[in-house]
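Here the structure is laid out as structure tokens; the discussion comes afterwards.
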Amino acid sequence: MRNILILLFSISTITAYSQSNFQGKAVYMSKTSMDMNFGGRQMTADQKKRIADRMKGFLEKKYTLNFNQIESTYKEEASLSAPSGQGGRGGRGGGFFGSGGGLKYKNTKDAIVLEETEFFGKQFLISENSTKPEWKLGGETKKIGNYICYKATLVKEIDPMSNIASAFSRGRGNSDNNNNDTEKKVEEPKTMIVTAWYSPQIPVSQGPGEYWGLPGLILEVNAGTTTVLCTEITMNPKEKVTIKKPKKGKKVTREEYNKIVKKKTDEMREQFRGRGGNRSGGRG
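Every number in my numbering is 6 more than the matching position in the sequence shown, counting from 1.
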């Protein structure tokens, strides 16, 4: 019954918007928590603080979603206060990891998902699996700003390369501890539950990042250690944004891109394992 009410509410709101070709802008803040223990590696409190400060640009980001009734672009905003060593941009995925700063495009009518990104100086155009996510609609509600939002959940396969920093830090920790065999026996989960909060008051099937397919704009996503929250919405802004499909970069699938990233990450991990051996003598 509640789902029927949601549908009726969505239809009435869509009618209100359908009088003109509207456009909207939503600003999101993303925050990811990370285990700063680095696999049990011994560090002073000051060392941990310096690493946390340098990782902040990677773990806390700001994005802008521009959308119309069927299309959207989602892009990370450059940070003016990026710590040294990050290339002066928050859009570099922390700079040290050489990834990010791209643009994600979604067309919900034609089920097209593309991402234009850079990895270690090379441009890629990634095509995603465009199958509509199988959300389970719930009856729970809450307000985000002035919008009534409904809860939806999704069982999602975990992308092994979705957190390069975490994988990389685990690799460093393993090199300092002689327990690689134990670490290998720990089986990481294959799926996770994603929780989204969407508002039928904004009747577009869009959302932050890879998330879409609900009867209203997604204003909040909780996925693993990451929370993405909408902090600002502007409907029909004075300055219109032309929403176009990205075209720059080498065309690859998500699977192909993940293999490229994994290969480079493994190379970096091996380099730091070697360096870690030279530093181990000073730890007592």
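The beta-carbon is built from N, C-alpha and C at its ideal position, and this holds for glycine as well.
- CA-CA distance, methionine 61 to aspartate 41, rounds to 11 Å.
- The alpha-carbon of isoleucine 239 is positioned some 9 Å away from that of tyrosine 34.
- Each residue's CA atom was taken as its position, placing glutamate 163 and alanine 229 some 11 Å apart.
- Close CB contacts of threonine 123 within its chain, under the 6 Å cut and outside five residues either way in sequence, are with Gly108 and Phe130 (chain order).
- For isoleucine 150, same chain residues with a beta-carbon under 8 Å away, outside a window of 5 residues either side, are Trp203, Ser205, Leu225, Glu226, Leu235 and Cys236 in chain order.
- Residue ranges of uninterrupted alpha helix (DSSP H) with 4 or more members are absent from the region 230-281; none lies entirely inside it.
- Apart from sequence neighbours up to five positions away, the residues of its chain that approach lysine 270 with a beta-carbon distance below 7 Å are Phe126, ordered along the chain.
- Here glutamine 207 carries a coil assignment [DSSP, helix/strand/coil].
- Straight across, the Cα-Cα distance linking glutamate 121 with serine 211 is about 18 Å.
- Judged by DSSP secondary structure, isoleucine 57 falls within the alpha helix (DSSP H) whose first and last residues are 51-65.
- With a 10 Å radius around the Cβ and a threshold of 16 neighbouring Cβ atoms, proline 195 comes out exposed.
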